[in-house]
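Read the structure below first, then the notes.
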Amino acid sequence: MMRELTARLKQRIGERRTKRLMKSVAIVGLRKRKSKPGAIAEIIIRLGNKVNLLAARKLTGTPIKIGELVVTDFTRLLYAGGARTAWLITLIGLTEKVCWGWMVGESDNTELALTAWQKLKRQRRQHGLPVKELIVHQDRDPVFTGYEWVGRLAEDGAVFSYTLNGFKGNPEMESFNGHFKGELKSLVADCRTLGEVKKVVARQMRYYNWQRRHSSIAYQPPMIYFKSKRSGKTRRKLEN
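In terms of the numbering used here, the sequence shown is residues 18 to 257.
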């Protein structure tokens, strides 16, 4: 209702004002009911911290190899001056910081997530990285615990890792979303259509992967860092 009023009146209508207007004409909003966790989600809850492979690696000090683990989540992008919402999902390499897969859409749904997954598979294949045994770290969003997502990734041989405390258990993903959205906030806000948002994000992703320097990877762009590490590994194998 708030978005509809904003679009029709061509000015920002806040939540409080929307509620007052709805109350004045006796319109009752629907309350979201808490849905019961699905079978996969219940299994994850019962397993507890055992399902958080990322936390286990950090706790034991086990190093994570280049390209071995990706973190993922949805994040919201506001465009058309803040009147409309798009959703971005990314799959980021934890060690090399490369964005292996991403997609923008109108809803944070399974279709969007699986399209990003397909992009990840294509890009990793181009760089000689298998998907089999790739660890995918995520929260317990219904998409990530749904049969379609779990089934597709399981078929591809991926390994699942889950955080039980939401974004707090996936700080690397939250850090990426915060920086990425901050850098293109005004550009996205100026977009009028979802198509324009996709073009802006695609351009920013290319910049992120190939040009933006990161302090955590020796001030190199993610893809350059990844290639240097991969070529160094190949040279060592040949020498041995």
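Using N, Cα and C, we set each Cβ at its ideal position, and we do this for glycine too.
Note that the coordinates shown come from a computational prediction; the quantities given were computed from them, not determined experimentally.
| Asked | Found |
| --- | --- |
| Nearest CA to the CA of Ile109: which residue from Asp90, Tyr96, Val167, Gly122? | Asp90 |
| What's the call for Asp125, buried or exposed, on a 16-neighbour Cβ count within 10 Å? | buried |
| Based on DSSP bridge pairs, tell me the residues matched to His196. | Beta-bridge pairing links His196 to no other residue. |
| Which residues in the same chain have their Cβ closer than 6 angstroms to the Cβ of Val218, if we skip the five residues on either side of it in sequence? | Val121 |
| Going by DSSP, what residues sit across from Cys116 in a beta bridge? | Ile109 |
| Could you tell me whether the Cβ atoms of Ala206 and Gly31 are closer together than 8 angstroms? | no |
| If the criterion is Cβ atoms closer than 8 angstroms, does the pair Ile83 and Thr127 meet it? | no |
| With a cut-off of 8 angstroms on the beta carbons, I'd call Val68 and Val153 a contact; round off their distance for me. | Going by Cβ atoms, the distance from Val68 to Val153 rounds to 12 angstroms, so no, they are not a contact pair. |
| Given a cut-off of 8 angstroms on the beta-carbon distance, is the pair Ser178 and Leu71 in contact? | yes |
| Considering only C-alpha positions, which residue in the set Met19, Ala175, Thr180 is nearest to Leu137? | Ala175 |
| With a floor of 3 residues, list each beta strand (DSSP E) that falls wholly inside the region 75 to 106, ordered by position along the chain. | 86 to 96 |
| From which residue to which residue does the alpha helix (DSSP H) around Ile152 run? | Segment 152 to 155 is the beta strand (DSSP E) holding Ile152; no alpha helix (DSSP H) there. |
| If you reduce the DSSP assignment to three classes, tell me which class Arg124 lands in. | Looking at the sequence shown, residue 124 is not Arg but Ser. Residue state, collapsed to three classes: coil. |
| Tyr225 lies in the alpha helix (DSSP H); which residues open and close that run? | 211 to 227 |
| Tell me the rounded alpha-carbon separation between Thr251 and Arg139. | Below a pLDDT of 50, predicted positions are generally treated as unreliable, and Thr251, at 43, falls in that range; the measurement from the model is reported next regardless. So the alpha carbons of these two residues sit roughly 21 angstroms apart. |
| Once the 5 residues before and after Leu170 are set aside, which same chain residues still bring their CB inside 8 angstroms of it? | Trp134, Val153, Phe177 |
| From which residue to which residue does the beta strand (DSSP E) around Tyr179 run? | 176 to 179 |
| Determine the direct distance from the alpha carbon of Arg93 to that of Phe184, and round the result to whole angstroms. | 14 angstroms |
| Sort Thr79, Lys215, Asn66 by Cα distance to Trp104 and report the nearest one. | Lys215 |
| Return the CA-CA distance between Gly186 and Glu172, expressed in angstroms with no decimal places. | 26 angstroms |
| Using 10 angstroms around the beta-carbon of Arg157, count the other beta-carbons present and answer buried if the total reaches 16, otherwise exposed. | buried |
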